[in-house]
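Asker: Protein chains in written order, with my numbering: chain A, 18 to 801; chain B, 10 to 298; chain C, 657 to 813. The C-beta atom is built at its ideal place from N, Cα and C for all residues, glycine as well. Just so you know, these numbers come straight off a predicted model, no measurement behind them.
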Amino acid sequence: MSHFTNPLEYVGQPARRVDALEKVTGRAKYIADYKVPGMLHARCLRSTLPHARIVRLDPTPALQVPGVRAVITSDDFVNHGLYGFPVKDKYMLAWQKVRYVGEPIAAVAADSPQAALAGAQAIVCELEPLPALFDPERALDPDAPQVGPDRSDGRHPNLKSDHMLVCKGNAEAELADCPIVLDRRYFTDWQEHAYIEPEGVLAMPTPEGGIVVYAPNQSPFINQGNLAMTLGLPPNLVRVIQPTVGGSFGGKDDIIYESSAQAAKLALITGRPVRMVFSREESLIASYKRDAMHMRIRLGADPDGTLRACWFRGILDSGAYASETPFTAWRASIHAMGAYRYRACDVDVYCVYTNNGYAGAFRGFGNPEVCFAVEQTVDELADLLGMDPIDLRLKNCLRLGDETAHGQVLNESVGLVECLTTARRLSDWDRKRAEYSRQNGAEKRRGIGVAAMYHGMSLGAEGADNASGTISILPDYSVDLTSGLTDYGTGSRTVYTLIAAEELGVRPERIRIQRPDTNTAIDSGPTVASRTTVVGGNAMRAAARNLRHTLDLAAADLLKCDPQQLIRVGESYIGPDEEAVSWEKIVDHAREMGLILSAHGKWSAPKIEWDHHHGRGTPYMAYVYGAQIAEVEVDMRTGNVQVLHLWAVHDIGKTIFPQGAYGQLYGGITQGLGYALTEQINYRDGYIQETNFESYLIPTSVDVPEITGQFVEAPYSYGPYGAKNIAEPSLVPTAPAVANAIAHATGRRIRELPMNLERVLLGHDLQPAGSKKPVEAGLAIAPR
Amino acid sequence: MPRFDYARAVSIDEAVALLSDPHCVSRPLAGGTDLLVQTRHGPPAFQRLVDVSRVPEMRTIERRGDEIHIGAAVTYTEIIDSELLRETATCLVEAAQLVGGPAIANAGTLGGNVANAAACADGIPPLVCLDAVAHLVSREGRRDLLVSEVVTGPHQNALKPGELITHFTFPALPVGARSVFLKLGRRNAQAIARLNVAAAGRVSPEGRIDFARLTPGSATPRAVRLTQIETMLIGCTPSRELFEEAGAEAARAMIAVTGRRWSTEYKEIALHGLVARALRHVFNLELER
Amino acid sequence: MVIEFKVNGKQVSVDAPPDITLLDLLRDYLNLTGSKEGCAVGECGACAVIMDGRLMNSCLVLAPQAAGSEIITIEGIHAPDGGPSDLQQNFIDYGAVQCGICIPGMIMAGEALLMRHAQPTRAEIRNALAGNLCRCTGYQQIVDAIEATAKGRQKAI
């Protein structure tokens, strides 16, 4: 039965998010809402210097503070609590050195938050400042302060990752031969996830000497693994459960693993539940962010607009620890040239250590940074040639059957052309482009700009890519699902419910998907990289299909026919005698037959091949494509930019949960608008100046325009019902679309993010020189 | 141990008594939108907060003859909803609308805004533009100060310990005069003002400016009326060029006070534009904000 | 000190320190955890409640200021039969909910708006939500839900 030809009953139809009711009533519980008897409150002592040696650390005075029950340092963990992937360079509590302001040094558990704070403040901690490094472009200088650990290959210790390469042909020679070459530099700033729920964890010791940790992490199994390793416990004594999560966007991994380990150790020592909840200031200061990136691109073309060569260099300022940024650098390298054909390509992206906080995963994961650079450069080329920016992209963009700059032939599911042409039509592009080009107002000017994108699906060359799900029928005929992948607001629980409903042939209301729990789910790798719908969805589909097979056998037995003769009408089974039998009866019969009413499904992504050394191969199984168009009004007297409207058309293969998909689209765009215009992080001598939401500015409801979104469905044969994804792609092209619109309005290219008032008005940012606000890393916040 | 105590006053006399208690350093609390945020950054400089948000005499909005009277505990929402203020003090109403979202507007007060004396305050430029007087009361008695004199510097005010702002008064603008408030922030709501401007003015039947007020905010440590520019405008015919000149003068006036700071390169251009725009609005040369 | 007020129609009397916020009072003393702390400085609106008919950031209200007041929290918003109210149901039906942490505050802001303004335009709805930050939804479906509720209530009249 081909899923492309039969009408789908649940997938792609309007549906309600399965956990919406508890959220609209306030009954949903997030970590800070959990209260258990005997619960202690935990708090960290955090570094107030960006780079220092821990000369003396005496936690015992904390125990003299009334109400304090335990205090821990790195000595309380196996191997000092060393952990990290792909690079093991971080400690659950700092050991010997601190490398960023906010790094946790010790943790205290006490009867009240006030006592925990007092306990943390009583700890004797002497830090000897070390020379600090803040400029990533200086990180590999021979005399740069050493931030990173010594490398076994003898290369500079501040080099955090390998060089990530993409090579095709000879880019230098090709560029030398191009009549037109644009050589441009770009800078994208750090970005904070700013989930409205700050970090928190709850750890409870078990009678067996193990631990249960409630943590809003994206990847409970990674947390479990880290806990087992650093606490010295066997994995089956470590249980991690994900409660309702108040937003993550990539940001609730490492910081949550550390908080989990800290709370867990305190719980094991005290024998009591321990909860740690961050204040917003602590979250902004201590948690990891999107890297800042310094880029240089040289784009070569012919006068007719044919792109011929792309040379790209990028340095990620990834701060004090590796976290995921080696992978960010890789994804950035793959996408740096944009969704275009080239004769030659030379990309080299790497990340370095500095003492500016630290960087990790954030929605888009390297692509928003490079897309800002390449999409502005391509746009500038169009201007130079007097070509329409959409026409230039249509001339060069990837189409079905094309070979990418990496050497991958795109055999299916390439909807970029349709995205561009649809966005063009929806936005009335041609008329506005002409009209705004003619204006010359002194006060306000309008512009319209476009950006195209592509985004590789799932992990690509980052590692093994598979997922598992389970499905079972309970005594009350309800259906129970588990998945190794999680939902932190993204809607995957609903997606899996719809897929299971479709495959099993039952109403979604019959299905309940369990909370992610390492005791009941099967490890499916991290919930990242927009892999949830495809990899997790396929696994869920496989599980449901396996169970369906079992029920079909039971129905065939009951109705005395072959399984192929069965027809489904609603939930009922109908055999050759045309009598409808209820689903419940089929389930009963299956039980009587002794069949097992549960199933497990696993799906592995198609193998990809990536040659790191030569920068060639098939980096991802497939790509999501998209085009966004922004219409802006620029206040020429103040540099204020109003985004009047935004059109977004993305090829997502197949829409499974429409409301959820549009929600992800609008949400990603909104984060992209913040990235573009208002979200700025100033690390001054390693101290973040933006410590709460009055200074870290995310878009409000009156900063976001009405968005016209549309999905193009160019089905991907490996995706469930043809689906790809939208979670990350939605954020990627927004900033360059806005930048290109500003350039159209003002004639000025802004090559740094965010495009704040000063950059739009003056062409450069302004910063106070010399003065800095050394923040006390959340410790100065009065207890509540 | 609580960090501070709380007492609620139901009259001005009671508030003054509580605020002047020599055994308990006390500060007035109304909406808490500044005070409670400040308590997060360190031990409080007071032992008790005296809640004046419900003192009836501090919550009225009324016209007494030619004078408008606004209680210091009147909220921004009440200012926005007041037909009297919408008619007589547009610049104040517009500032109230731009201070923050609805919850902030429901809590925040002019008294709190003035006492907090932030350089970027939105309530202060309109009050200064309107020549508002702050009425203070303490155990020693009453005194009146121009709002521009209450604010002595960024986060510095002329209030004595135990002194309370009870209300503000300002003369009604001349018949036919208009006022406006423009705010420039880094985003459209819940934003600290990068710059703001309150302006008022009137054109005589002969088509000449016979009344002008101009008060930029977030440009200098304290907001003041730019009286030299106001005088320059009097007697002139409204024109784009005239207001551009006023804008340029405003930027020069700002630099005369602040010198060239790190932000001046931006502010001198933006202030010029904002002032010119505000004057065009006040004198009806355009409707576009 | 003893603080007496009405919450969700019920009279309560709480003995709590004078220096905590209304938000802490609701969450820690009354176990009404539906109102959330997102920033504690009045920027995000996740703590929003309706106090004496007005939307307020409970993180900026000192607990004793609530004495004598009538407060509605998200726990007090429901249909007469205890199920979701029309506004809550529209939030579900229009896809306005993702991670959900901002939603109680958004619903309070929506209710507070509709108390003052029965037929708001989309722009007016956005203005009414300007003090409620959402990082997931981009606001659009939340505006849809509130708009639909306003229209639904007009039809019901």
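#1: Mind pulling the chain C residues with CB within less than 9 Å of Lys40(A)?
#2: Check whether the Cβ atoms of Tyr27(A) and Leu515(A) lie closer than 8 Å to each other.
#3: Does the beta carbon of Ala303(A) come closer than 8 Å to any beta carbon on chain B?
#4: Using a threshold of 8 Å, state whether the C-beta atoms of Ser747(A) and Ala693(A) are closer than that.
#5: Let's see if you can read the secondary structure: which residues bound the alpha helix (DSSP H) around Arg510(A)?
#6: When burial is assigned at 16 or more other CB atoms within 10 Å of the CB, is Gln667(C) buried or exposed?
#7: Taking 8 Å as the CB-CB cut-off, is Asp75(B) touching chain C?
#8: Does the beta-carbon distance from Val660(A) to Arg462(A) come in below 8 Å?
#9: I'd like to know whether the C-beta of Asn115(B) is nearer than 8 Å to at least one C-beta of chain C.
#10: Step through the CB atoms of chain A and report whether any lies within less than 8 Å of the CB of Tyr795(C).
#11: What is the DSSP secondary structure of Asp737(C), counted as helix, strand or coil?
#12: Between Asp534(A) and the rest of its own chain, which residues show a CB-CB distance below 6 Å, the 5 nearest in sequence each way excluded?
#13: Sorted by chain position, which residues of the same chain lie with C-beta nearer than 6 Å to Phe575(A)'s C-beta, five sequence neighbours on each side aside?
#14: State whether the region 516–535 of chain A contacts the region 25–43 of chain A, with contact taken as three or more CB pairs (one from each stretch) at a distance under 8 Å.
#15: With H, G and I counted as helix, E and B as strand and the rest as coil, what does DSSP make of Thr689(C)?
#16: Would you kindly work out how many angstroms separate the C-alpha atoms of Glu392(A) and Asp200(A), rounded to a whole number?
#17: Do you know whose CA, among Ala639(A), Phe344(A), Ser430(A), lies nearest Leu417(A)'s CA?
#18: If the cut is a Cβ gap below 9 Å, which residues of chain C does Arg297(A) touch?
#19: So if DSSP puts Trp627(A) in a beta bridge, which residue, or which two residues, is it bridged to?
#20: Note down, in chain order, every chain B residue with its Cβ under 7 Å from the Cβ of Glu775(A).
#21: Quick one: list the residues of chain B neighbouring Gly787(C), beta-carbon separation under 8 Å, in chain order.
#22: Quick check on DSSP: helix, strand or coil for Glu769(A)?
#23: Would you call Arg116(A) buried or exposed, if buried means 16 or more other Cβ atoms sit within 10 Å of its Cβ?
#24: Between which two residues does the alpha helix (DSSP H) containing Cys436(A) stretch?
#25: Can you grab the Cα-Cα spacing for the pair Met470(A) / His352(A), in whole Å?
#26: Around the Cβ of Leu491(A), are there at least 16 other Cβ atoms within 10 angstroms (buried) or fewer (exposed)?
#27: Taking Cβ-Cβ distances below 9 Å as the criterion, which residues of the region 708–720 of chain A are in contact with chain B?
#28: Please check if any C-beta of chain B sits within less than 8 Å of the C-beta of Asn742(A).
#29: Of the residues Asp668(A), Ala678(A), Val777(A), which one's Cα is nearest the Cα of Asn657(A)?
#30: Check the Cβ of Gln784(A) against every Cβ in chain B and list those closer than 9 Å, keeping chain order.
#31: Kindly list, in the order they appear in chain C, the residues whose Cβ is closer than 8 Å to that of Gly41(B).
#32: Chain C beta carbons: is any one of them nearer than 8 Å to that of Tyr27(A)?
#33: Under the three-state reduction of DSSP, which class applies to Ser213(B): helix, strand or coil?
#34: Could you tell me how far apart the beta carbons of Lys269(A) and Pro233(A) are, in whole angstroms, since I believe they sit closer than 8 Å?
#35: Can you list, in chain order, the residues of the region 527–549 of chain A whose Cβ is nearer than 8 Å to any Cβ on chain B?
#36: In the DSSP assignment, what are the bridge partners of Met470(A)?
Answerer: On the basis of the coordinates in this document:
#1: Phe747, Ile748, Val753, Gln754, Cys755, Gly756, Ile757, Ile759, Pro760, listed in chain order.
#2: Contact: yes.
#3: With its beta carbon at least 8 Å from every one in chain B, Ala303(A) lies outside the interface.
#4: No, these two residues do not count as a Cβ contact at 8 Å.
#5: 509–521 is the extent of the alpha helix (DSSP H) around Arg510(A).
#6: Answer is exposed; the Cβ neighbour count stays below 16.
#7: Chain C contact via Cβ: absent.
#8: Not a contact, by the Cβ cut-off of 8 Å.
#9: Interface residue, yes.
#10: With 8 Å as the cut-off, Tyr795(C) counts as an interface residue toward chain A.
#11: Secondary structure of Asp737(C) (DSSP, three-state): coil.
#12: Take Asp534(A), set aside five residues on each side of it, and the residues of its chain with a beta-carbon closer than 6 Å to its own are Ile258, in chain order.
#13: At residue 575(A) the sequence reads Leu, which differs from the Phe that was named. Excluding residues within five positions, the ones whose Cβ falls inside 6 Å are His606.
#14: By the Cβ test, the region 516–535 of chain A is in contact with the region 25–43 of chain A, since at least three Cβ pairs between them sit closer than 8 Å.
#15: Correct three-state label for Thr689(C): coil.
#16: The alpha-carbon atoms of Glu392(A) and Asp200(A) are separated by roughly 13 Å.
#17: From the listed residues Ala639(A), Phe344(A), Ser430(A), the smallest Cα separation to Leu417(A) is found for Ser430(A).
#18: Those within 9 Å of Arg297(A) in chain C are Glu693, Gly694, Cys695, Ala696, Val697, Glu699, Cys700.
#19: In the DSSP output, where bridge partners are listed per residue, Trp627(A) has Gly634(A).
#20: Chain B residues near Glu775(A): Tyr275.
#21: By Cβ distance, chain B contributes Gly109, Gly110, Pro111, Ala112, Ile113, Ala198, Gln199.
#22: Three-state DSSP puts Glu769(A) in a strand.
#23: So Arg116(A) ends up on the buried side.
#24: From DSSP, the alpha helix (DSSP H) with Cys436(A) extends over 433–444.
#25: Cα-Cα distance, rounded: 9 Å.
#26: Under this definition Leu491(A) is an exposed residue.
#27: For the region 708–720 of chain A, the residues whose beta carbon sits under 9 Å from a beta carbon of chain B are, in order, Asn709, Phe710, Glu711, Ser712, Leu714, Ile715, Pro716, Thr717, Ser718, Val719, Asp720.
#28: Not closer than 8 Å to any Cβ of chain B, the Cβ of Asn742(A) fails to qualify, so no.
#29: Nearest option by C-alpha distance: Val777(A).
#30: The contacting residues are Trp271.
#31: The answer, in chain order, is Leu716, Val717, Leu718, Gln721.
#32: No, no contact with chain C.
#33: Here Ser213(B) sits in coil by DSSP.
#34: Yes, they are in contact, since the Cβ atoms of Lys269(A) and Pro233(A) sit about 5 Å apart, within 8 Å.
#35: Listed by position, the residues of the region 527–549 of chain A near chain B (Cβ gap below 8 Å) amount to none.
#36: DSSP lists Gly643(A) as the beta-bridge partner residues of Met470(A).
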